[in-house]
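S.K.: I have a structure I would like to understand better, so I am pasting it below and will then ask my questions one at a time.
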Amino acid sequence: MNRSFEELASPIINVNKKLTTLHNQFTRLKEVHDSLTSFNQSFSAFLFGMTAVDATLEWKETFSDDHINRYESIPVEVPVQIPTAKRRKLAPSAVKRTAKINIRKVVGDLPLKYREQTQYVVFMETILKVLQLHPEGLVIKSIVAESKMPQYKVIECLNVLVRSKVILKECEKGHYATYKLDSSKYPTY
1194 MNRSFEELAS PIINVNKKLT TLHNQFTRLK EVHDSLTSFN QSFSAFLFGM
1244 TAVDATLEWK ETFSDDHINR YESIPVEVPV QIPTAKRRKL APSAVKRTAK
1294 INIRKVVGDL PLKYREQTQY VVFMETILKV LQLHPEGLVI KSIVAESKMP
1344 QYKVIECLNV LVRSKVILKE CEKGHYATYK LDSSKYPTY
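Each residue of the sequence shown is one higher than the one before, starting from 1194 at the first, in the working numbering.
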């Protein structure tokens, strides 16, 4: 029963295709698992907070529709971002300034989760690229719009970058927080 290599080539190619498909499915399954793990951690913190509030507050009476109606009629103040100064327009020929940063080195110095899990590496690189293009800083809403990432992931990544002292979070009264690269470490050119 001698078979030539040509006769075995077709079944081997089919097995290779099936194993590649199986690998891709397991990769997607791992991404779902990582997302569920992240959600479980976040949601468990939320539930713990709810339990802590419930344990520390003494409810004197149950809520009714009258309580809800009373609180719905109270006006809520929404923070408004007021421009402090008008920005001058640059000439069309002006070169946009960017911060000089080695993104791979920065990601390599982050906590283990953010430098080894592929999706977090991509998230961090994306956010750093957006901030690199805007050395003056951006608010969360602008970062979400430019990176096309979910807001909760942007916030998580920004918090890690602030704690790692890669970016600065600047808060002015009456304004949204602005995130920008630390200009002492990453100068603008």
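From the three backbone atoms N, C-alpha and C, an ideal C-beta is built for every residue, glycine too.
(1) Classify VAL1353: buried if its beta carbon has 16 or more other beta carbons within 10 angstroms, exposed otherwise.
(2) Per DSSP, what kind of secondary structure is THR1214 in: helix, strand or coil?
(3) Pick from PHE1241, THR1311 and LEU1305: whose alpha carbon is nearest that of ARG1221?
(4) Contact check, LEU1331 vs TYR1372 under 8 angstroms by CB: the rounded distance?
(5) Check each candidate in CYS1364, LYS1346 and ARG1356 and name the one with the smallest Cα separation from SER1235.
(6) Please state whether the Cβ-Cβ distance between VAL1300 and GLU1318 is less than 9 angstroms.
(7) Can you give me the start and stop residues for the beta strand (DSSP E) that GLU1349 sits inside?
(8) Taking the CB atoms as reference points, tell me whether LEU1321 and ILE1348 lie closer together than 9 angstroms.
(9) In whole angstroms, give me the CA-to-CA distance for ALA1245 and LEU1361.
(10) Am I right that THR1336 and VAL1323 are in contact with their C-beta atoms under 8 angstroms? What's the rounded C-beta distance?
(11) State the DSSP-derived secondary structure class of SER1286, mapped to helix, strand or coil.
(12) Put THR1255 into one of helix, strand or coil per three-state DSSP.
(13) Would you mind reading off the limits of the beta strand (DSSP E) that contains ILE1296?
M.R.: Reading from the atomic positions:
(1) Reading the sequence shown from its first residue, position 160 is the one you call residue 1353. The residue is buried, with at least 16 neighbouring Cβ atoms inside 10 Å.
(2) Locating residue 1214 in the sequence shown gives position 21, counting from the first residue. For THR1214, the three-state secondary structure derived from DSSP is helix.
(3) Position 28 of the sequence shown, counted from the first residue, corresponds to residue 1221. Among PHE1241, THR1311 and LEU1305, the Cα nearest to that of ARG1221 belongs to THR1311.
(4) Mapped onto the sequence shown, residue 1331 falls at position 138. Mapped onto the sequence shown, residue 1372 falls at position 179. LEU1331 to TYR1372, Cβ: 6 angstroms. Contact.
(5) Residue 1235 sits at position 42 when you count from the first residue of the sequence shown. Measuring from the Cα of SER1235, the nearest candidate turns out to be LYS1346.
(6) For this step, residue 1300 is matched to residue 107 along the sequence shown. For this step, residue 1318 is matched to residue 125 along the sequence shown. Yes, these two residues count as a Cβ contact at 9 angstroms.
(7) Counting from 1 along the sequence shown, the entry for residue 1349 is found at position 156. Judged by DSSP secondary structure, GLU1349 falls outside any beta strand (DSSP E) and instead within the alpha helix (DSSP H) spanning 1344-1356.
(8) Locating residue 1321 in the sequence shown gives position 128, counting from the first residue. Locating residue 1348 in the sequence shown gives position 155, counting from the first residue. Cβ distance not < 9 angstroms, so LEU1321 and ILE1348 don't count as in contact.
(9) Here residue 1245 refers to the residue found at position 52 when the sequence shown is read from its first residue. Here residue 1361 refers to the residue found at position 168 when the sequence shown is read from its first residue. Cα to Cα, the separation comes out at about 31 angstroms.
(10) Position 143 of the sequence shown, counting from 1, holds the residue named residue 1336. Position 130 of the sequence shown, counting from 1, holds the residue named residue 1323. The amino acid at residue 1336 is misidentified as Thr; the sequence shows Ile. Sure, about 6 angstroms apart at Cβ, within 8 angstroms.
(11) The residue labelled residue 1286 in the question sits at position 93 within the sequence shown. In this predicted model, SER1286 has a pLDDT of only 45, less than 50, meaning its place in the structure is not dependable; the value taken from the coordinates is given anyway. Of the three classes helix, strand and coil, the one that applies to SER1286 here is coil, per DSSP.
(12) Translated into the one-based positions of the sequence shown, residue 1255 becomes position 62. Of the three classes helix, strand and coil, the one that applies to THR1255 here is coil, per DSSP.
(13) Position 103 of the sequence shown, counted from the start, is the residue given in the question as residue 1296. Boundaries around ILE1296 are those of the alpha helix (DSSP H), 1296-1301, since no beta strand (DSSP E) includes it.
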